[in-house]
């Protein structure tokens with residue numbers, strides 16, 4: 001079981017992808033006639049739906065895919081018995097509650113359906129793209145979409161979106177689009193067993209719409225075109241998380257499944273010069289295919305910041321879509337895709353992205369050899385955007401939604417992206 005996807009490789013040579021896709025579509029009852037991506041490019045990765053079992057999945061609407069246990073959490077001190085300080089965790093917080101999802105666990109499950117700070121969320125990780133995102137599990141619906149959902153699944157779990165949700169969604173998609181929302185569909189997400197541009201394709205429990213993780217919208221099926229509300233999330237070391245959130249909790253290894261947690265089934269996958277697996281999309285030679293990049297989009301402008309550059313400069317003060325931002329990098333976090341043991345893998349560091357404007361003043365950041373500081377006040381800042389000392393101690397910067405994507409994936413979804421450090425002339 002070295003690689004959950006490798007088993008299908010020989011099958012692909014003999015047309016197995018089409019067979020696998022058809023099987024998964026039938027099991028899930030996907031409305032393949034409605035799509036905003038080429039359906040023939042949604043290919044089988046090998047496993048059936050939920051063959052890689054998302055945690056907290058409530059079961060498919062047609063009863064063909066069973067539920068899985070909800071994720072459990074333990075104190076950070078207890079997790080330290082099996083989680084090393086340098087290991088990567090996906091750190092996520094809402095409404096005063098902070099949780100860490102170790103990649104040594106998400107590697108084997110890819111999705112954790114959870115509730116954080118009272119908000120229903122899906123925390124996701126795609127090993128083939130090194131991409132990590134958190135979404136609100138309440139899917140916004142217009143009147144037409146609501147009717148389509150009812151036709152597909154009369155028992156769909158509908159909820160009324162609250163003011164906080166609608167405000168956040170307006171920030172994501174614009175006030176005009178948010179104003180069209182009449183209801184929300186609360187779902188859980190499972191792994192479809194399929195890939196698009198080598199990226200995790202999720203399906204929802206209520207309609208079996210397919211959602212490419214990096215697209216953050218419905219791509220095939222009933223809810224095609226519906227955008228999910230995303231929340232900021234970071235891949236950092238367990239030590240960084242513990243220091244910043246001493247009361248934070250950690251996803252437990254007691255998942256209800258027997259997996260080799262702590263072991264990487266994709267050994268050597270993040271070698272920068274190697275081609276990605278099951279990827280036939282467009283290539284962009286500006287960077288090596290598997291180079292890590294900090295990828296983000298603001299104001300319609302997509303940008304990628306190569307880790308190779310960030311490791312040298314540590315801090316980038318930039319503006320994206322007219323918004324002043326800062327990108328920070330520091331060492332101390334291992335790769336989840338290098339050696340067989342994640343704790344013993346190479347140090348790739350951790351990143352953070354924030355808006356630089358605070359109380360009407362745009363700050364400029366630098367690395368002083370020991371910490372991140374702003375030039376205006378000399379305050380010290382951590383990777384979670386909190387000022388830990390100096391005149392601004394206690395203040396927090398607004399996080400920017402970003403990812404630590406492998407270059408090939410971001411370039412496939414956002415081919416028009418600007419690459420920091422590469423001249424366009």
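Residue numbers (the UniProt record's numbering): 1 to 425. Backbone N, C-alpha and C define an ideal beta-carbon position, used for all residues, glycine too.
In three-state DSSP terms, what is residue i?
| i | result |
| --- | --- |
| residue 371 | coil |
| residue 238 | helix |
| residue 274 | coil |
| residue 416 | coil |
| residue 229 | coil |
| residue 401 | coil |
| residue 37 | coil |
| residue 422 | coil |
| residue 363 | coil |
| residue 217 | strand |
| residue 354 | strand |
| residue 445 | Outside the modelled stretch of the chain, which goes from 1 to 425, sits residue 445, for which no answer is possible. |
| residue 427 | Here the chain comprises residues numbered 1 to 425, so residue 427 is not present and cannot be evaluated. |
| residue 379 | coil |
| residue 348 | coil |
| residue 223 | coil |
| residue 30 | coil |
| residue 44 | strand |
Using the Cα positions of residue i and residue j, report the straight-line distance between them to the nearest angstrom.
| i | j | result |
| --- | --- | --- |
| residue 244 | residue 62 | 43 Å |
| residue 159 | residue 371 | 45 Å |
| residue 256 | residue 41 | 33 Å |
| residue 74 | residue 252 | 6 Å |
| residue 199 | residue 349 | 23 Å |
| residue 426 | residue 275 | Nothing can be reported for residue 426: it is not among the residues displayed for the chain, which extend from 1 to 425. |
| residue 351 | residue 68 | 32 Å |
| residue 333 | residue 422 | 26 Å |
| residue 195 | residue 45 | 6 Å |
| residue 117 | residue 136 | 12 Å |
| residue 265 | residue 258 | 14 Å |
| residue 87 | residue 236 | 8 Å |
| residue 414 | residue 103 | 25 Å |
| residue 48 | residue 64 | 11 Å |
| residue 304 | residue 403 | 10 Å |
| residue 219 | residue 377 | 46 Å |
| residue 314 | residue 368 | 10 Å |
| residue 363 | residue 375 | 7 Å |
| residue 151 | residue 100 | 38 Å |
| residue 394 | residue 31 | 50 Å |
| residue 36 | residue 357 | 36 Å |
| residue 148 | residue 185 | 12 Å |
| residue 126 | residue 382 | 26 Å |
| residue 168 | residue 174 | 10 Å |
From the options, pick the residue whose C-alpha is nearest to that of residue i; which is it?
| i | options | result |
| --- | --- | --- |
| residue 406 | 240, 384, 378 and 336 | 336 |
| residue 232 | 355, 388 and 413 | 355 |
| residue 43 | 34, 399 and 25 | 25 |
| residue 289 | 136, 79 and 269 | 269 |
| residue 241 | 188, 259 and 92 | 92 |
| residue 409 | 278, 309 and 390 | 278 |
| residue 373 | 350, 359 and 397 | 397 |
| residue 281 | 165, 411, 103 and 148 | 411 |
| residue 312 | 283, 120 and 366 | 366 |
| residue 329 | 415, 294, 302 and 90 | 294 |
| residue 419 | 286, 382, 291 and 217 | 286 |
| residue 272 | 123, 308, 299 and 375 | 308 |
| residue 299 | 400, 393 and 292 | 400 |
| residue 142 | 178, 283, 162 and 228 | 178 |
| residue 96 | 247, 331, 375 and 304 | 247 |
| residue 302 | 28, 323, 310 and 60 | 323 |
| residue 165 | 120, 379, 193 and 124 | 120 |
| residue 66 | 168, 52 and 76 | 52 |
| residue 228 | 262, 261 and 181 | 181 |
| residue 260 | 161, 107, 84 and 167 | 107 |
| residue 57 | 124, 23 and 306 | 124 |
State yes or no: is the C-beta of residue i nearer than 8 Å to some heavy atom of the ligand GDP?
| i | result |
| --- | --- |
| residue 260 | This structure lacks the ligand GDP, and indeed carries no ligand of any kind. |
Any C-beta of chain D sitting closer than 9 Å to the C-beta of residue i?
| i | result |
| --- | --- |
| residue 172 | Among the protein chains of the structure shown there is no chain D, as only one such chain exists. |
Review point. Could you give the uninterrupted runs of the alpha helix (DSSP H) lying entirely in the region 246-334, keeping only those of 4 residues or more?
Key: 307-313
Review point. Would the region 338-347 and the region 384-397 be scored as touching if the rule is three or more Cβ pairs under 8 Å?
Key: no
Practice item. Could you say if the region 204-224 and the region 311-326 meet the contact criterion of at least three C-beta pairs nearer than 8 Å? Key: no
Check your understanding: Curious, which full-length beta strand (DSSP E) runs of at least 3 residues does the region 141-214 contain?
Key -> 183-186, 189-196, 199-204 and 210-212
Review point. Any contact of the region 67-85 with the region 217-235, i.e. 3+ C-beta pairs under 8 Å?
Key: no
Practice item. May I ask you to verify whether the region 177-194 touches the region 111-126, counting CB pairs closer than 8 Å and requiring at least 3? Key: Yes, the region 177-194 is in contact with the region 111-126.
Practice item. Just list the beta strand (DSSP E) runs in the region 64-147, keeping only unbroken ones of 3 residues or longer that don't cross its boundaries, in chain order. Key: 73-75, 88-94, 97-102, 111-116, 119-126, 131-136 and 138-141
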